[in-house]
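Only one structure is covered here, and it is reproduced in the block below.
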Amino acid sequence: MAEVGEGKSDYRHGRNMTRYSRFEMPWRTLSRMRIQGMASAVPVALVFIVNSCGGRDATSPGGPVLVSHTPMLITSGRGGNVDIYLMEADGTDARRMTSDPGIDQAADWSTDGFTFAFMSNRDGDFEIYTMLVTGRGLRQLTSNAAVDAFPRWSPDGSRILFTSNREGVLNLFVMDADGGNPVRLTRSVGENGAGAWSPDGSRIAFISTRDGSEELYVMQADGTNPVRLTNNTLIEGSKVAWSPDGTRIAFHAYRDGDADLYVIDADGRSLTRLTEGPTQDRFPTWSPDGRRIAFTSDRDGDEEVYVMNADGTGPVRLTRSAAPDVLDSWRR
Ligand SMILES: [Ca+2]
Ligand SMILES: [Ca+2]
Ligand SMILES: [Ca+2]
Ligand SMILES: [Ca+2]
7 MAEVGEGKSD
17 YRHGRNMTRY
27 SRFEMPWRTL
37 SRMRIQGMAS
47 AVPVALVFIV
57 NSCGGRDATS
67 PGGPVLVSHT
77 PMLITSGRGG
87 NVDIYLMEAD
97 GTDARRMTSD
107 PGIDQAADWS
117 TDGFTFAFMS
127 NRDGDFEIYT
137 MLVTGRGLRQ
147 LTSNAAVDAF
157 PRWSPDGSRI
167 LFTSNREGVL
177 NLFVMDADGG
187 NPVRLTRSVG
197 ENGAGAWSPD
207 GSRIAFISTR
217 DGSEELYVMQ
227 ADGTNPVRLT
237 NNTLIEGSKV
247 AWSPDGTRIA
257 FHAYRDGDAD
267 LYVIDADGRS
277 LTRLTEGPTQ
287 DRFPTWSPDG
297 RRIAFTSDRD
307 GDEEVYVMNA
317 DGTGPVRLTR
327 SAAPDVLDSW
337 RR
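Okay, here's the thing in structure tokens:
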């Protein structure tokens, strides 16, 4: 199994800077993973009672600090292992959702608010799983020796988009939310991955190397009519995110040697940079109301989750652990 980006020389760039998070799984590295023997692991059903906590947003008067109580799912190493936690969006009350010795990461909240999908290598290679936010109800949706990664729930809750090399190189697939009927969506030269549904479910944004460099594309949800949005943005992240109104797409890219957040109109116009500075600013997720973007940055030493206004102003740190903390999903 490849290490998850940590200190690998081919992921260094520019001023000897590690380009990738310890937890970031650059989507193309998945295609180079070799499958190890099966690791025996018994999923542990964690019992957590999740407070009902939607819809209570508060804005600090006169200031940029925006507090939300819509919870987030993060991947963190704070418990000594890579696991998924449910956290209030003010950074408090993090509750551990997974406790398997394997890597559990890339959680994506379903629109019903009760279930999340994630990727785990607990059976020896990466598969897609779902779990209730109570910690119960673990279900394994994929089962094969290939990499199955980065699940994203369709807005209507019926399907899950994911990235897999089950047919050779990385491509986007969609399956029913119970794991049935997997269908390949992308067929191109090069690799395709890191897909994300538009809020109305009609389109999918994704990253592809079909034109040589890694660029952002949008296609119809059935895989037709791919349109390239960026040129030489050096996107190598594993995540793109649509604004809730479907007009913009946030992503991170390494245009100047370190990761920064960008937003582009869904038609490819108006590329805007949101973060500056030599630190790694990654994994954007829009708040449900579209006014904020949460992200992950190592600007204070180690990776923490931050939230800022959608125009890039007023970043506020939410997590404070010595381990890497990476934002995965904000409840919709
Ligand atoms: Ca784990
Ligand atoms: Ca697999
Ligand atoms: Ca930066
Ligand atoms: Ca941390």
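Counting from 1 along the sequence shown, just add 6 to a position and that's the residue number in the working numbering.
From the three backbone atoms N, C-alpha and C, an ideal C-beta is built for every residue, glycine too.
To the nearest angstrom, how far is it from the Cα of M181 to the Cα of T291? What you label residue 181 is simply residue 175 of the sequence shown in a count that begins at 1. What you label residue 291 is simply residue 285 of the sequence shown in a count that begins at 1. Straight across, the Cα-Cα distance linking M181 with T291 is about 23 Å.
For F132, which of helix, strand or coil comes out of DSSP? Reading the sequence shown from its first residue, position 126 is the one you call residue 132. In the structure shown, F132 adopts coil according to DSSP, grouped into three states.
Cβ-heavy atom distance, E133 to ligand 2, below 8 Å: As a first step, residue 133 must be located in the sequence shown, where it is residue number 127. Yes.
Cβ of V332 within 8 Å of any heavy atom in ligand 1? Taking the sequence shown and counting its residues from 1, the one referred to as residue 332 is at position 326. No, since every heavy atom of ligand 1 falls outside the 8 Å radius drawn around the Cβ of V332.
Determine which residues share a DSSP beta bridge with A247 and list them. Counting from one through the sequence shown, the residue named residue 247 turns up at place 241. A256, per the DSSP bridge assignment.
Closest Cβ-Cβ distance between L79 and chain C: below 9 Å? Absent from the structure is chain C; it holds one protein chain and no more.
Does DSSP classify E12 as helix, strand or coil? By 1-based counting over the sequence shown, the position of residue 12 is 6. Residue placement at E12 is poorly supported in this model, since its pLDDT is 34, which falls under 50; the coordinates still yield a value, given next. Coil, per DSSP.
Does A265 pass the burial test, meaning 16 or more other C-beta atoms within 10 Å, or should it be called exposed? As a first step, residue 265 must be located in the sequence shown, where it is residue number 259. So A265 counts as buried.
Between which two residues does the beta strand (DSSP E) harbouring M103 extend? The residue labelled residue 103 in the question sits at position 97 within the sequence shown. Note, M103: premise wrong, no beta strand (DSSP E); not H, not E.
With a cut-off of 8 Å on the beta carbons, I'd call Q226 and R209 a contact; round off their distance for me. Residue mapping note: residue 226 aligns to position 220 of the sequence shown, counting from 1. Residue mapping note: residue 209 aligns to position 203 of the sequence shown, counting from 1. Contact flag correct, Cβ pair sits at about 6 Å.
Helix, strand or coil for R338? Go by DSSP, reduced to three states. Taking the sequence shown and counting its residues from 1, one reaches residue 338 at position 332. In the three-state reduction of the DSSP assignment, R338 falls in the coil class.
Beta carbon of S82: closer than 8 Å to some heavy atom of ligand 2? As a first step, residue 82 is located in the sequence shown; it is residue number 76 there, counting from the start. Outside the cutoff, so no.
To the nearest angstrom, report how far apart G330 and S303 are at their CA atoms. For the purposes of this step, residue 330 is taken as residue 324 along the sequence shown, with counting starting at 1. For the purposes of this step, residue 303 is taken as residue 297 along the sequence shown, with counting starting at 1. Residue 330 is actually Pro in this sequence, not Gly. If I take the Cα positions, the gap works out to 10 Å.
In its own chain, which residues sit with a C-beta less than 6 Å from the C-beta of R348, not counting the 5 before and 5 after it? With the chain covering 7 to 338 only, the question about residue 348 has no answer from this structure.
Cβ-heavy atom distance, D89 to ligand 5, below 8 Å: Ligand 5 is not among the ligands present in this structure, which contains only ligand 1, ligand 2, ligand 3 and ligand 4.
Excluding the 5 residues preceding and the 5 following A272 in the sequence, name in chain order all residues of the same chain whose CB lies nearer than 7 Å to its CB. Numbered from 1 along the sequence shown, position 266 holds the residue referred to as residue 272. V224, G252, T253, R254, I255, listed in sequence order.
Pull the bridge partners of T121 from the DSSP assignment, please. For the purposes of this step, residue 121 is taken as the residue at position 115 of the sequence shown. In DSSP, T121 forms a bridge with L138.
When you compare only the Cα positions, how much space is there between H258 and I213? As a working note, residue 258 is residue 252 in the sequence shown. As a working note, residue 213 is residue 207 in the sequence shown. Taking C-alpha positions only, H258 is separated from I213 by approximately 11 Å.
For T145 and N238, I'd like the C-alpha separation in whole angstroms. Numbered from 1 along the sequence shown, position 139 holds the residue referred to as residue 145. Numbered from 1 along the sequence shown, position 232 holds the residue referred to as residue 238. Checking the sequence, you will find Arg at residue 145 rather than Thr. For R145 and N238, the gap between their C-alpha atoms comes out near 39 Å.
Inter-residue Cα distance where the pair is A183 and R190: If you number the sequence shown from 1, residue 183 lands on position 177. If you number the sequence shown from 1, residue 190 lands on position 184. Rounded to whole angstroms, A183 to R190 spans 15 Å at the Cα level.
Assigned secondary structure, G143 (DSSP; H/G/I helix, E/B strand, else coil): Within the sequence shown, the letter at position 137 stands for residue 143. DSSP places G143 outside both helix and strand once states are collapsed to three, so it counts as coil.
Please report how far the alpha carbon of G86 lies from the alpha carbon of R101, in whole angstroms. Reading the sequence shown from its first residue, position 80 is the one you call residue 86. Reading the sequence shown from its first residue, position 95 is the one you call residue 101. The straight-line gap from Cα to Cα measures roughly 14 Å.
Alpha-carbon to alpha-carbon, D334 and G320: Residue numbering aside, residue 320 sits at position 314 when the sequence shown is read from its first letter. Residue numbering aside, residue 334 sits at position 328 when the sequence shown is read from its first letter. About 21 Å.
What do you get for D317, buried or exposed, if any count of 16 or more other CB atoms within 10 angstroms of its CB means buried? Along the sequence shown, read from residue 1 onward, the residue named residue 317 stands at position 311. Around the beta carbon of D317, fewer than 16 other beta carbons sit within 10 angstroms, so the residue counts as exposed.
V233 burial status per 10 Å Cβ neighbour count (16 or more: buried): Stepping through the sequence shown from its first residue, residue 233 is reached at position 227. Counting other Cβ atoms within 10 Å of its Cβ, V233 stays below 16 and is therefore classed as exposed.
To the nearest whole angstrom, what separates the beta carbons of T281 and D287, a pair I think is in contact under 8 Å? Mapped onto the sequence shown, residue 281 falls at position 275. Mapped onto the sequence shown, residue 287 falls at position 281. Yes, T281 and D287 are in contact; Cβ-Cβ is about 4 Å, under 8 Å.
Where does W336 land, buried or exposed, given buried means 16+ other C-beta within 10 angstroms? Here the question's residue 336 lines up with position 330 in the sequence shown. Using a 10 angstroms sphere on the CB of W336, the tally of other CB atoms reaches 16 or more, which defines it as buried.
Can you look up N238 in the DSSP assignment and give me helix, strand or coil? Mapped onto the sequence shown, residue 238 falls at position 232. The answer is coil: DSSP assigns N238 none of H, G, I, E or B.
Is the beta carbon of S82 sitting closer than 9 Å to the one on S327? Here residue 82 refers to the residue found at position 76 when the sequence shown is read from its first residue. Here residue 327 refers to the residue found at position 321 when the sequence shown is read from its first residue. Contact: yes.
How long is the line joining the alpha carbons of I270 and L138, rounded to whole angstroms? Stepping through the sequence shown from its first residue, residue 270 is reached at position 264. Stepping through the sequence shown from its first residue, residue 138 is reached at position 132. One Cα belongs to I270, the other to L138, and the distance between them is close to 33 Å.
Whole angstroms are fine: how far does the CA of M78 sit from the CA of V322? The sequence position of residue 322 within the sequence shown is 316, counting from 1. The sequence position of residue 78 within the sequence shown is 72, counting from 1. Computed Cα separation, rounded: 15 Å.
Length of the line joining the Cα atoms of N171 and F132: Here residue 171 refers to the residue found at position 165 when the sequence shown is read from its first residue. Here residue 132 refers to the residue found at position 126 when the sequence shown is read from its first residue. When rounded, the distance between both Cα atoms is 11 Å.
State the start and end residues of the unbroken beta strand (DSSP E) segment that holds I80. Sequence index remark: in the sequence shown, residue 80 carries index 74 (1-based). From DSSP, the beta strand (DSSP E) with I80 extends over 78-82.
Have a look at the DSSP bridge pairing and note the partners of Q226. Here residue 226 refers to the residue found at position 220 of the sequence shown. In DSSP, Q226 forms a bridge with R209.
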